[in-house]
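The structure under discussion appears below in the form of structure tokens.
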Amino acid sequence: MFLLYLFSSFAAVSGVLGSSPSYNGLGLTPQMGWDNWNTFACDVSEQLLLDTADRISDIGLKDLGYTYVILDDCWSSGRSSNGTLVADKEKFPNGMSHVADHLHNNSFLFGMYSSAGEYTCAGYPGSLGHEEDDADFFASNGVDYLKYDNCYNKGQFGAPETSYNRYKAMSDALNKTGRPIFYSLCNWGQDLTFYWGSDIANSWRMSGDIYPEFTRPDSRCPCDGDQFDCAYAGFHCSIMNILNKAAPMGQNAGIGGWNDLDNLEVGVGNLTDDEEKAHFSMWAMVKSPLIIGADVNQLKASSYSIYSQASIIAINQDPKGVPATRVWRHQVPQTDKYGQGEIQFWSGPLDNGDQVIALLNGGNKARPMNTNLEEIFFDSYLGSEQLTSSWDIYDLWANRVDNATSSSILTNNSVGNATIYNATALSYKDGLAKNDTRLFGTKIGSISPDGLLNTTVPAHGIAFYRLRRSS
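With mature numbering (1 follows the signal peptide of the UniProt record, and there is no 0) applied, the sequence shown covers -18 to -1, 1 to 453.
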């Protein structure tokens, strides 16, 4: 009955907001930005945030859409005598409002962190029982985004209503401040968050913490496969582990509320280029937030060219806001050293009538893969226009920025004359409407109603295409 009530409530809100089902008007596309945790953990400071923001701006990532600069855990030194949160004066000598002002003056948005528990995950004061005071603190310091974790929650979990009420307290408090604050739940998918998250938040983590491994199993991330209702989500979760858990959840996400598969590990650890491309593509395709987890001052040229691939970002920021669906998944004999080996096919509709598809190879050897229109348009009826039309195939990675150009941008700390897409000047929605070629990739062929799309997909890699109806 509780979940039925939530769905009814959400439907009512959607009717009031019309074109935006977001409960607070935010999150109409998945958020994009940078978070310090994956690389720096508790080694945070005012200088780190401001220098990183300047770097993101200088190398063109801000104009691509990475506008949230999110300060994670370990920023606090406790509470004052009246209970107000206090920033660590050594790490943030000028206070949080100074950070917010600098970011806002440079067209960034400022994110901060707390936990729906007695303490944060690193042991600093949490916001459980202090929701209104802490929401006022965030609002008065110019915060635009709150990442809200799940540690030390005093056992207030185990049923959807229990977790919902604990997270709703902060949602209500944020709304009461009158400041628009993007609300990002980080309760690891506990208690079926994807059923109720959109009623009170703009995104919600749906698994344990990510780790820069493509397929590696880890006992600290115990649930595997499609086991999305995980009692202990854990951490050190591989990319494929999280993606498989997310597969059934797309139907519960959309405009205003997104499944969060955790920060991007592109440029973190030792992922191969094919693994980074597959990771970025799939996070974009399922409409996960695109939050950079890397040190942008130490990016490889190849990793920068992935983060700057506008044709992939345009899939993530597509106005239709529909996460792709996994159509099939098969185990393959070419397993890697961990005994993992699978191939998958995903497909999803786009706002302009195009379709995005992905052939994903989780095995450790390159593999021929194929698909047809019946799989691509898996919900279409026999004889429908989608199944009786021919479609042009556009490779979304074909016009990737080359490493020489990327290296020049990173070395010179300037985009210079490079033709990096600027979503500040022309939004992805408008760029798609104007058929900007940087958002569509390169045409490589077509598929007829009775034809096959054949390709060879590299190990731990992806073939990622946009299909457009042939003229």
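Just so you know, even glycine gets a beta-carbon here, dropped at the ideal spot from N, CA and C. Note that the structure is predicted; figures quoted are calculated from it, not measured.
For A260, same chain residues with a beta-carbon under 7 Å away, outside a window of 5 residues either side, are L342, H442, G443 and I444 in chain order. The three-state reading of DSSP puts M264 in helix, counting H, G and I together. Three or more Cβ pairs closer than 8 Å define a contact, and the region 286 to 303 falls short of that threshold against the region 349 to 368. Note on S89: under 16 other CB atoms within 10 angstroms of its CB, so exposed under the neighbour-count rule. With fewer than 16 other beta carbons inside 10 angstroms of its own, P162 counts as exposed. Under the DSSP assignment, L30 falls in the alpha helix (DSSP H) whose first and last residues are E28 to D40. Shown here, T159 sits in a helix according to DSSP, grouped into three states. V338 is the residue among G427, N404 and V338 whose C-alpha sits nearest the C-alpha of Y447.
The beta carbon of N279 lies closer than 7 Å to those of R37 in the same chain, with the five residues before and after it left out. Taking one beta carbon from each stretch, the region 303 to 311 and the region 183 to 194 have fewer than 3 pairs nearer than 8 Å; the two do not touch. Here T34 is near W16, since their CB atoms are less than 8 Å apart. Looking at the DSSP output, G236 shares a beta bridge with G239. Check the Cα spacing between A23 and each of R451, A276 and N399: the tightest is with A276. With a cut-off of 8 Å on Cβ pairs, the region 241 to 261 is not in contact with the region 405 to 424, counting fewer than three such pairs. For N87, the enclosing alpha helix (DSSP H) starts and ends at M78 to N87. In the displayed model, N252 falls within coil according to three-state DSSP, outside both helix and strand.
DSSP assignment within the region 288 to 316 yields the following whole beta strand (DSSP E) runs of 3 residues or more, N-terminal first: 307 to 313.
By the C-beta density criterion, R202 is exposed, having fewer than 16 other C-beta atoms within 10 angstroms. In this structure, the CA atom of G171 is about 8 Å from the CA atom of G190. Excluding residues up to 5 positions away in sequence, W178 lie with their Cβ nearer than 6 Å to the Cβ of Y146 in the same chain.
Between the region 92 to 99 and the region 127 to 137, the count of Cβ pairs shorter than 8 Å is three or higher; the stretches touch. Nearest to K319 by alpha-carbon distance, out of G239, G433, M267 and R198, is R198. Taken through DSSP and simplified to helix, strand or coil, Q13 comes out as coil. Taken through DSSP and simplified to helix, strand or coil, I402 comes out as coil. For W178, the uninterrupted alpha helix (DSSP H) segment begins and ends at T175 to W178. The DSSP-derived three-state label of W328 is strand. Taking C-beta separations shorter than 7 Å and ignoring five residues to either side along the sequence, the partners of D116 in its chain run L67, S96 and S109, following chain order. Residue state for M351 is assigned as strand, using DSSP reduced to three classes. Approximately 7 Å separates the beta-carbon atoms of D126 and G93; this is inside 8 Å, confirming the contact. For the pair I237 and M267, the CB atoms are not nearer than the 8 Å cut-off. Listed as beta-bridge partners of K425 by DSSP are Y376. Around the beta-carbon of D432, fewer than 16 other beta-carbon atoms lie within 10 Å, marking it exposed. The C-beta separation of L272 from I41 comes to about 16 Å, leaving the pair out of contact by the 8 Å criterion.
Between V26 and T437, the alpha-carbon positions lie close to 45 Å from each other. The three-state reading of DSSP puts Y320 in coil, since its state is none of H, G, I, E or B. Taking all protein chains shown into account, T49 has 16 or more neighbouring C-beta atoms within 10 Å of its C-beta and is therefore buried.
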